[in-house]
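Novice: Sharing a structure below in structure tokens format, with a few things to ask.
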Amino acid sequence: MPREGYRDKDGTVRKSRSTVWSVMLSATLPTYIMLSACAASPSSQPSTAFTPGPSATPISQASTPTSTPSKTPSSVEAVTIDVTISGGKVSPSGQKLDLAVGQKVVLNVTSDVDEEIHAHALGDGYQLNVSAGKPATGSFVVSDPGSFYVEAHHLEKVIVILNVR
Amino acid sequence: MTVALLPLHGIGSRDDLPLPFGFVIIGAVLTLIISFGVLLFAWRRPRYSTIGGRELPRLTALIDNRVVRLVARLLILAAYGWAALALLAGEDLLTNPIFGYVFVWMWVGLVPISLLFGQFWRATNPLRTIHRGLCAVARIDSSLGLLTLPRRIGVWPAAVGLFAFGWLELVQPERTTLGVLRVWALSWLVIMVLGAIVFGQRWIAAADPFETYASTIAEMSIWRRVGGSLRLVNPLAGLSSWLPPRGAPAAVAALLGITAYDSFTNTSWWIRTVQASNAPPLLWQTVGLLVMIIIVLTSFSAAARWMGRYTTESSAAYPRLMACSVVPIVVGYAIAHYATLLIVEGQRVAINFSDPLGRGWNVFGSAEMGVNSAIFNRPTAIAVIQLAAIVGGHVMAVVVAHEKAVRLLPPERALAGQWPMLAVMVGYTCAGLLLLFSP
């Protein structure tokens, strides 16, 4: 079959079929290269980590026991999230955080109503109870990759979304 | 523990990571290159005017065998009956398999079932089995009813039903409680069966959202009935030869809109805005879902109608004629968003299916098994699957749209007529990629 166009039976000039496929193939070849490069060095997304860095004072554990991490905590510093619940609204509200597997998350919660903070990470999930007016602190370690929600249960509002890689 | 506002398909607490931005760029670039490639270099004359394919007389005989059909229908009916047992007499906990049965096995599972097995859903629809059974007892012809359903109604009732299910899946508060699901299930059963008694069995094809969804996806499978016998066909040829019923654009728009809305509610902007507002979340969510569906419907219809400028046929006919070309995009979106849900939560349903009443049974031997969620530990593999699904769906859609364009338009106008449709598809695909990136 000739390379460029050809005349078929009734004289119409047609592009050869090989042209279409060669266009598609030449499009996909660079993308295979790009794809393998992207897969090799996963996610160069801008970090939206919230107040990273070690806390100045050691975090005092709340009465709720910390879940034992199934992997040894990574050398990445713990992330502290300051949560404020007041007037039926939560802050932060729907913020996304990028975390690493094995990273510790510390929650400092202040609320004007009795609440339960649920984090859907770790198997059965993590729960921190907060009483009205009394700040509470708790922490957990994210041990599995995936995207998890941290929400205020009674208000039914999402606080943060943890993207763990 | 699931929260009504949580956009997590009602069940499952672990979601896919956002698509890496590099993948979004790759996907968008691929999409553009392929779309322009097809527009400029692809065939100018219809390529699939004859369906072709390979005839399968023995398989046809097997499938059309009355005993085989009856057994298949009864087995499927039994599965639904078992699920109904869980719904009516089971515990109101998330370990009740009915929630996963409806939201995962039925709603997501029908995509691979239809792609792999063709019109399996329509052949084994329990609603049809129930209606047939009632008609057999009453000694009436199941195809006849009290009234005749006008042809013009097409699948409009099913399109409304799809919106309703989307609302149930993503908006309905307390949707993972038995009380709410019972009302919905009963309504569905009654509306479908009563409608079939009034209008004949054609009502089910017109109004059952699941059957419409399944039979639409099945048009993309390799199995096709041509002149009564089954053939193995090229899916592109099969899809191009399908004449969608009236209302199909609305149904397809509902499907795409539901998945797009589901993804959109995962963005920080949406969560922040809805939670900061004093308007009830229910209002936001209902309006959001409707707006998404309307955006898809109007953009698609406008692009299709553009083709009418170049022919003597009325523009209004084109959305229906072109509805087949969006189906691969619907499938791509569904795979990208729900594949991990089906793989992981689908297992959980299979495990809990052995113990529908929560009494410690182990009827199918699966009650002690654990869910293998290893797929979640491979976020790169998930991202590649999502990218392949979205871009692959786009490629198929663009090829089918091009094929339809060269069939419906005069040859010198084929390019001018189809570029809006191509642009709209590029828009859907890039929007899909961006939504997966989930800012």
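From first to last, the protein sequence lines are chains A and B. For the first sequence, position 64 matches number 64 in the numbering used here, and the numbering has no gaps at all. For the second sequence, position 91 matches number 1091 in the numbering used here, and the numbering has no gaps at all. All C-beta atoms in this analysis are idealised placements derived from N, C-alpha and C, irrespective of residue type, glycine included. Just so it is clear, the structure is predicted and the values come from calculations on it, not from any experiment.
Inspect the beta-carbon positions of residue 1328 (chain B) and residue 1393 (chain B) and report whether they are closer than 8 Å.
Specialist: Residue numbering aside, residue 1328 (chain B) sits at position 328 when the second sequence is read from its first letter. Residue numbering aside, residue 1393 (chain B) sits at position 393 when the second sequence is read from its first letter. Yes, the Cβ-Cβ distance between residue 1328 (chain B) and residue 1393 (chain B) is below 8 Å.
Novice: Quick one: list the residues of chain B neighbouring residue 94 (chain A), beta-carbon separation under 7 Å, in chain order.
Specialist: Along the first sequence, one-based indexing puts residue 94 (chain A) at 94. Chain B residues near residue 94 (chain A): 1268, 1271, 1272 and 1275.
Novice: For residue 1308 (chain B), does the three-state DSSP call read helix, strand or coil?
Specialist: Reading the second sequence from its first residue, position 308 is the one you call residue 1308 (chain B). Three-state DSSP puts residue 1308 (chain B) in a helix.
Novice: Three or more C-beta pairs under 8 Å: does that hold for the region 1304–1313 of chain B against the region 1192–1206 of chain B?
Specialist: Too few Cβ pairs lie closer than 8 Å, so no.
Novice: Give me the subset of the region 1360–1377 of chain B whose CB atoms are less than 9 Å from a CB atom of chain A, sorted by chain position.
Specialist: For chain A, the residues of the region 1360–1377 of chain B that bring a beta carbon within less than 9 Å of one of its beta carbons are 1373, 1376 and 1377, in chain order.
Novice: So who's on the other strand from residue 110 (chain A), going by DSSP bridges?
Specialist: Along the first sequence, read from residue 1 onward, the residue named residue 110 (chain A) stands at position 110. Note: residue 110 (chain A) sits in a beta bridge opposite A:84.
Novice: Are the region 1395–1407 of chain B and the region 1041–1050 of chain B in contact at 8 Å, needing three or more beta carbon pairs?
Specialist: yes
Novice: Excluding five sequence neighbours on each side, which residues of the same chain lie with their C-beta closer than 8 Å to the C-beta of residue 65 (chain A)?
Specialist: Position 65 of the first sequence, counted from the first residue, corresponds to residue 65 (chain A). Because the pLDDT of residue 65 (chain A) is 41, which lies under 50, any placement of that residue in the model is unreliable, and the question is left without a value.
Novice: I'd like the span of the beta strand (DSSP E) that includes residue 97 (chain A), first residue to last.
Specialist: What you label residue 97 (chain A) is simply residue 97 of the first sequence in a count that begins at 1. Membership of residue 97 (chain A) in the beta strand (DSSP E) is indicated by the continuous run 95–99.
Novice: Measure the CB-CB distance between residue 1289 (chain B) and residue 1188 (chain B) and report whether it falls below 8 Å.
Specialist: Within the second sequence, residue 1289 (chain B) is the residue found at index 289, counting from 1. Within the second sequence, residue 1188 (chain B) is the residue found at index 188, counting from 1. For residue 1289 (chain B) and residue 1188 (chain B), no; Cβs fall outside 8 Å.
Novice: Are the C-beta of residue 1379 (chain B) and some C-beta of chain A separated by less than 8 Å?
Specialist: Counting from one through the second sequence, the residue named residue 1379 (chain B) turns up at place 379. Taking Cβ atoms only, chain A reaches closer than 8 Å to residue 1379 (chain B), which makes this a yes.
Novice: Mind checking which residues open and close the alpha helix (DSSP H) that includes residue 995 (chain B)?
Specialist: The structure shown has nothing for residue 995 (chain B), since chain B only spans 1001 to 1439.
Novice: Just the C-alpha distance for residue 1319 (chain B) and residue 115 (chain A), rounded to the nearest angstrom, thanks.
Specialist: Residue mapping note: residue 1319 (chain B) aligns to position 319 of the second sequence, counting from 1. Residue mapping note: residue 115 (chain A) aligns to position 115 of the first sequence, counting from 1. Their Cα atoms are separated by approximately 51 Å.
Novice: Given a threshold of 16 other Cβ atoms within 10 Å of its Cβ, counted over all protein chains shown, does residue 1361 (chain B) qualify as buried or as exposed?
Specialist: Locating residue 1361 (chain B) in the second sequence gives position 361, where the first residue counts as 1. Result: exposed.
Novice: Is there contact here, the region 1251–1258 of chain B with the region 1054–1063 of chain B, by at least three beta-carbon pairs under 8 Å?
Specialist: no
Novice: What's the C-alpha gap between residue 49 (chain A) and residue 145 (chain A)?
Specialist: For this step, residue 49 (chain A) is matched to residue 49 along the first sequence. For this step, residue 145 (chain A) is matched to residue 145 along the first sequence. Summary for residue 49 (chain A): the model assigns pLDDT 36, below 50, so the residue's position carries little reliability, and this model does not support an answer.
Novice: Once DSSP output is grouped into helix, strand and coil, what is the label at residue 1257 (chain B)?
Specialist: Residue numbering aside, residue 1257 (chain B) sits at position 257 when the second sequence is read from its first letter. Of the three classes helix, strand and coil, the one that applies to residue 1257 (chain B) here is helix, per DSSP.
Novice: Candidates B:1098, B:1071, B:1209 and B:1072: which alpha carbon is nearest residue 1084 (chain B)'s?
Specialist: Here residue 1084 (chain B) refers to the residue found at position 84 when the second sequence is read from its first residue. Of B:1098, B:1071, B:1209 and B:1072, the residue nearest in Cα terms is B:1098.
Novice: If the criterion is Cβ atoms closer than 8 Å, does the pair residue 103 (chain A) and residue 76 (chain A) meet it?
Specialist: If you number the first sequence from 1, residue 103 (chain A) lands on position 103. If you number the first sequence from 1, residue 76 (chain A) lands on position 76. Yes. Within cutoff.
Novice: Compare the C-beta of residue 1175 (chain B) against all C-beta atoms of chain A and say whether one is closer than 8 Å.
Specialist: In the second sequence, residue 1175 (chain B) corresponds to position 175, counting from 1. No, its Cβ sits nowhere closer than 8 Å to a Cβ of chain A.
Novice: Could you name the residues of the same chain whose beta carbon sits closer than 6 Å to that of residue 1017 (chain B), not counting the 5 residues immediately before and after it, in chain order?
Specialist: As a position in the second sequence, residue 1017 (chain B) is number 17, starting the count at 1. So the qualifying residues of the chain are 1379.
Novice: Considering only residues of the same chain and omitting the five flanking positions on each side of residue 157 (chain A), which have a CB-CB separation below 8 Å?
Specialist: Mapped onto the first sequence, residue 157 (chain A) falls at position 157. Result list for residue 157 (chain A): 89, 90, 93 and 151, in chain order.
Novice: Could you spell out the range, first to last residue, of the beta strand (DSSP E) harbouring residue 1037 (chain B)?
Specialist: Against the second sequence, residue 1037 (chain B) aligns to sequence position 37. Residue 1037 (chain B) -> not in any beta strand (DSSP E); alpha helix (DSSP H) instead, spanning 1021–1041.
Novice: Leaving aside the five residues before and after residue 1028 (chain B) along the sequence, list all residues of the same chain whose C-beta is less than 7 Å from its C-beta, in chain order.
Specialist: In the second sequence, counting from the first residue as 1, residue 1028 (chain B) sits at position 28. Spatial neighbours of residue 1028 (chain B) in its own chain (CB-CB distance under 7 Å, excluding positions within 5 residues in sequence) are listed in chain order as 1430 and 1433.
Novice: Name the DSSP bridge partner or partners of residue 127 (chain A)?
Specialist: Translated into the one-based positions of the first sequence, residue 127 (chain A) becomes position 127. In DSSP, residue 127 (chain A) forms a bridge with A:118.
Novice: Beta carbons nearer than 8 Å to chain D: which residues of the region 1411–1428 of chain B have them?
Specialist: Of the chains in the structure shown, none is chain D; the protein chains are A and B.
Novice: Report yes or no: do the region 1269–1279 of chain B and the region 1289–1301 of chain B share at least 3 C-beta pairs separated by less than 8 Å?
Specialist: no
Novice: Considering residue 1404 (chain B), what are the terminal residues of the alpha helix (DSSP H) in which it resides?
Specialist: Taking the second sequence and counting its residues from 1, the one referred to as residue 1404 (chain B) is at position 404. Per DSSP, residue 1404 (chain B) belongs to the alpha helix (DSSP H) from 1379–1408.
Novice: Can you confirm whether residue 144 (chain A), when its beta carbon is compared against all beta carbons of chain B, has any partner nearer than 8 Å?
Specialist: Residue mapping note: residue 144 (chain A) aligns to position 144 of the first sequence, counting from 1. It does: the Cβ of residue 144 (chain A) has a partner Cβ on chain B nearer than 8 Å.
Novice: Can you tell which of A:132, A:97 and A:125 has its C-alpha closest to the C-alpha of residue 80 (chain A)?
Specialist: In the first sequence, the residue the question calls residue 80 (chain A) occupies position 80. Minimum Cα distance to residue 80 (chain A) is reached at A:97.
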